[in-house]
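Okay, structure first, notes after.
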Amino acid sequence: MKALAFDLGAGSGRAIVGEWTKDDRLVLTETHRFANEPVRAGRRLHWDILRLYHEVKLGLAASARAADGPIDSIGIDSWAVDFGLLDRNGDLLGNPVHYRDSRTDGLMEAAWQIVPKEEMFSRTGLQFLPFNTLYQLWAMKREKSPLLEAADKLLMIPDLLRYFLTGQTFGEYTNASTTQFLNASTRRWDTELLERFGLPSGILPEVAQPATVIGTLRASVREELGIPGIPVVAVGEHDTASAVAGVPAADGKPFAYLICGTWSLLGTETAVPVLGADAMRFNFTNEGGLGGTYRLLKNIMGLWLIQECKRLWDRQGVRRSYGEWAELAAREKPFLAFVDPDDDSFLAPAGMPAAIRAFCRKTGQPEPETEAQVMRVVTDSLALKARYVLERLERLTGIAYGGLHMVGGGIQNEALCQSTANAIGRPVWAGPVEASAIGNLAAQFMANGRLSDLAEARRWIAASIDIREYEPQNKNEWEDAYGRFVRYVV
Numbered sequence: 001m002k003a004l005a006f007d008l009g010a011g012s013g014r015a016i017v018g019e020w021t022k023d024d025r026l027v028l029t030e031t032h033r034f035a036n037e038p039v040r041a042g043r044r045l046h047w048d049i050l051r052l053y054h055e056v057k058l059g060l061a062a063s064a065r066a067a068d069g070p071i072d073s074i075g076i077d078s079w080a081v082d083f084g085l086l087d088r089n090g091d092l093l094g095n096p097v098h099y100r101d102s103r104t105d106g107l108m109e110a111a112w113q114i115v116p117k118e119e120m121f122s123r124t125g126l127q128f129l130p131f132n133t134l135y136q137l138w139a140m141k142r143e144k145s146p147l148l149e150a151a152d153k154l155l156m157i158p159d160l161l162r163y164f165l166t167g168q169t170f171g172e173y174t175n176a177s178t179t180q181f182l183n184a185s186t187r188r189w190d191t192e193l194l195e196r197f198g199l200p201s202g203i204l205p206e207v208a209q210p211a212t213v214i215g216t217l218r219a220s221v222r223e224e225l226g227i228p229g230i231p232v233v234a235v236g237e238h239d240t241a242s243a244v245a246g247v248p249a250a251d252g253k254p255f256a257y258l259i260c261g262t263w264s265l266l267g268t269e270t271a272v273p274v275l276g277a278d279a280m281r282f283n284f285t286n287e288g289g290l291g292g293t294y295r296l297l298k299n300i301m302g303l304w305l306i307q308e309c310k311r312l313w314d315r316q317g318v319r320r321s322y323g324e325w326a327e328l329a330a331r332e333k334p335f336l337a338f339v340d341p342d343d344d345s346f347l348a349p350a351g352m353p354a355a356i357r358a359f360c361r362k363t364g365q366p367e368p369e370t371e372a373q374v375m376r377v378v379t380d381s382l383a384l385k386a387r388y389v390l391e392r393l394e395r396l397t398g399i400a401y402g403g404l405h406m407v408g409g410g411i412q413n414e415a416l417c418q419s420t421a422n423a424i425g426r427p428v429w430a431g432p433v434e435a436s437a438i439g440n441l442a443a444q445f446m447a448n449g450r451l452s453d454l455a456e457a458r459r460w461i462a463a464s465i466d467i468r469e470y471e472p473q474n475k476n477e478w479e480d481a482y483g484r485f486v487r488y489v490v
């Protein structure tokens, strides 16, 4: 049995075929990889959604050629909060706007004048981020956008791509839960909340649960690509939901995870949303998960800092791989200075290295002079921020976690994994790298009945992958560093 996962990140996408082998293991084959580069047109930063759809079709064709036997299902996961609008004829109204666009600047605080912050959190359970879908829609309303006025349906990014493939308009639950207008307790759209902002609730699609077959490939897609009518599954379409499903926590005990990518997400699974005052004060979120779970987690502005530094240095002709930068940073003296990765100055700076130095200068710390020193400051700070968030997670749940599961592309940075173990003073279990794709595939196998539930999926994943354990080192040094670090956390 084979399933095809499209895993779209903020910088790239990939098509991965997952085969359930005769010995009940999972084997992954990457069949297509492509860039996902935003496009600035006039005053707006957009996603190139039609290019992404074209790459999905290329991935479909490549996977059909590469697979030894039929592909049994398809699933798509991507980042959250962004969306496309369809008119009443089902045509796309403009390119979706990128969450790093400036149109929502200052709107989050203004929104609290209409619906108080406390009420909004108690209804939606969602962390407050300036680019949440609610504020993006409200920005369009305030600008009297003709696109919003003409809209008949709102679809999140994976919903939109799935619509292009199947013609079916559903809003998958895990991604819908990131909009800040899905009620955390009822798991339904909070239409009354939207109406208080003067936003149309009639454009919202029917919510579909993950691990559900939504439709099959349109005839036009089948004819264009020369492939059969493959079922398309609503997986955990928020890539974080799929990544959490891909965590190999096989013993069934409560666990903490750190999904390490452009964003780092640190959290746990809960059976009910955590909506108290501390959860709001710590800016945690309750997003939907597979199997009726909630993802109680906090966003950390993760590898974005490293990626943006590398992008600038590449442009300046200082070209090194991520692995080379990690090795150079590991040779530098630790704890020169610290930054709070979640400081607003790092969200979309003109130059990330300059923003890091400016933070150090503003807070009275030594400025890193070399590129390797900048990387070391970021690595130390990301590890210490993980401890800061983990401690607050434990306060919310009342659980002391024995270690931390790290998954995602960032675990290829061995120095970061070791630094995180050092910072939290507990083991880090690293793996798998392709957690989102694996969770995506698991949802597909749940939809077709090959896996019964999430617990069985995690046991199957754990039996199929290699996990590397990092034990904490240099406890006293890291304790002292943490005491210094917390002074600079916003």
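Just so we're aligned: the sequence shown equals residues 1 to 490 in the UniProt record's numbering. All residues carry an ideal CB built from backbone N, CA and C; glycine is no exception. Only a predicted model underlies this, so the values are computations on that prediction, with no experimental measurement involved.
Just so you know, the alpha carbons of P254 and I399 end up roughly 8 Å apart. Between the alpha carbons of G84 and R484 lies a distance of about 44 Å. Using a 10 angstroms sphere on the CB of R376, the tally of other CB atoms reaches 16 or more, which defines it as buried. In this chain, G75 is not harboured by any alpha helix (DSSP H); it is covered by the beta strand (DSSP E) spanning S73 to D77. Closest option to L60, judged by alpha-carbon separation, among Q473, N283, L393 and I230: I230. The distance from the Cβ of W263 to that of W325 is about 19 Å, inconsistent with a contact at the 8 Å cut-off. Here the alpha carbons of S220 and M352 stand approximately 44 Å from one another.
In this structure, R14 lies away from S464, with their beta-carbon atoms at least 8 Å apart. The C-beta separation of I356 from V378 comes to about 7 Å, placing the pair in contact by the 8 Å criterion. By the neighbour-count criterion, in which a residue is buried when 16 or more other Cβ atoms sit within 10 angstroms of its Cβ, E195 is exposed. The region 437 to 453 makes contact with the region 201 to 212, as at least three CB pairs between them are under 8 Å. The residue from V244, L45 and N476 with its alpha-carbon nearest to that of S102 is L45.
Only residues of its own chain outside the window of five on either side were considered, and among them Q180 and T285 have a CB closer than 6 Å to the CB of L126, listed in chain order. In this structure, G267 sits away from K310, with a CB-CB distance that is not shorter than 8 Å. Taking A415 as the centre and dropping the five residues before and after it, the same chain places the C-beta of A326, E327, A329, A330 and T379 closer than 8 Å to its C-beta, in chain order. Under the DSSP assignment, N440 falls outside any beta strand (DSSP E), being part of the alpha helix (DSSP H) whose first and last residues are A435 to A447. For E206, DSSP records a beta bridge to F170. Boundaries of the alpha helix (DSSP H) harbouring E308: W304 to R315, taken from the DSSP string.
Taking a contact as a CB-CB distance under 8 Å, the pair R123 and L8 does not count as one, their CB atoms being some 29 Å apart.
Inter-residue distance for Q113 and F197 is about 11 Å (C-alpha atoms, whole angstroms). Ranked by Cα distance from I467, the options W478, V428 and V27 are led by V428. Going by beta carbons, L296 and L396 fall inside the 8 Å limit. Taking C-beta separations shorter than 6 Å and ignoring five residues to either side along the sequence, the partners of G215 in its chain run T166, Q168 and V232, following chain order. Of all alpha-carbon atoms in G69, L225 and L160, the one lying nearest the alpha-carbon of P205 is that of L160. Taken through DSSP and simplified to helix, strand or coil, I424 comes out as helix.
DSSP places I259 within a strand segment (E or B) once states are collapsed to three. Assigned with DSSP and collapsed to three states, S264 falls in strand.
For a cut-off of 8 Å, the C-beta gap from I71 to F6 is around 12 Å, too long to register as a contact. DSSP, reduced to helix, strand and coil, places A5 within a strand of the structure shown. The straight-line gap separating the alpha-carbon atoms of R387 and F170 is approximately 38 Å. S381 sits close to P341, with the two beta carbons spaced by under 8 Å. Considering only A348, G323 and H405, the residue with the shortest C-alpha distance to F131 is A348.
At the C-beta level, V433 and Q412 come within 8 Å of one another.
Looking from the CA of T240, the closest CA among L58, R450, A67 and V407 belongs to V407.
For L404, the closest alpha carbon among the candidates C260, A62, T29 and L154 is that of C260. A Cβ-Cβ separation of about 16 Å leaves L441 out of contact with G69 under the 8 Å criterion.
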